[in-house]
Amino acid sequence: MRTLNYSTFRSTLAASMDKVINDHKPIIVTRGADKEAVIVMSFEDFKSYEETSYLMSSMNNFNRLNASIEEIEKGISSKHELIEE
Numbered sequence: 009m010r011t012l013n014y015s016t017f018r019s020t021l022a023a024s025m026d027k028v029i030n031d032h033k034p035i036i037v038t039r040g041a042d043k044e045a046v047i048v049m050s051f052e053d054f055k056s057y058e059e060t061s062y063l064m065s066s067m068n069n070f071n072r073l074n075a076s077i078e079e080i081e082k083g084i085s086s087k088h089e090l091i092e093e
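Okay, so the sequence shown: first residue is 9 according to this note's numbering, each after it adds one.
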C-alpha cells in the first residue's frame, strides 16, 4: 500500500485517485503527528470489502463458503445450469 502525506496527496489528487482506481490498491494519507491517517480506495473496491465482510459475518455462511472453496481446490465441484424463473 502506498503512503502519501496530506500535502502530496492534495497536490496529486486527480492522479492519485486514478491510480487507486486502476491499480485497486488503497493509498494511506498521513496527516501529521497525533492525527489518524485515512485510507483512500475506489468505490468499487469499498463495495467489494463491504460485501465480503457481510458474507463472512455469519459463521454458517463462512463455513459454507470455505467448504465450497475446498471442493473447488480439490476438483470435486460440479457445474449446474441456472434455473430461470
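Every residue, glycine too, gets a C-beta built ideally from N, C-alpha and C.
Since the model is a prediction, treat every value here as computed from it, not as a measurement.
For Thr38, the enclosing beta strand (DSSP E) begins and ends at 35-38.
Here the region 27-34 makes contact with the region 50-64; the two share three or more CB pairs at distances below 8 angstroms. Rounded to whole angstroms, the separation of the alpha carbons of Ser61 and Lys33 is 18 angstroms. The region 36-51 and the region 12-27 touch, with no fewer than 3 CB-CB distances between them shorter than 8 angstroms.
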